[in-house]
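Below is one structure; the comments refer to it alone.
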Amino acid sequence: MKLLLDENVPRPMTEIVRILLKAHDVVHVHDLKGWKGTKDIELYARAQAEDFDVVITNDTKQLSRPLEVAAIA
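Here you go:
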């Protein structure tokens, strides 16, 4: 499984998640050239296009924003 950690997840968490989920490919947005600063709605489309299975975020307000909920779906 390919997991993407977005900018709301502290970058040092990347290594922790890699240790915990050894069988998965874990990438942080900051490690992808040109992805830093990508708005959430666009991020989900890019993640899907790059075959990420999961986007992990720490943005607790995301589910209260209808356009972001639609992008997630």
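In numbering that gives the first Met the number 0, the protein residues as written are 0 to 72. The beta-carbon is built from N, C-alpha and C at its ideal position, and this holds for glycine as well.
Under a 10 Å Cβ-count criterion, residue 2 is classified as buried, with 16 or more other Cβ atoms of the shown protein chains found around its own Cβ. Excluding residues up to 5 positions away in sequence, 4, 10 and 13 lie with their Cβ nearer than 6 Å to the Cβ of residue 27 in the same chain.
Nearest C-alpha to residue 57 among 48, 46, 49 and 39: 39.
Distance from the CA atom of residue 0 to the CA atom of residue 64, rounded to whole angstroms, is 27 Å. Assignment of beta-bridge partners to residue 24 by DSSP yields 1.
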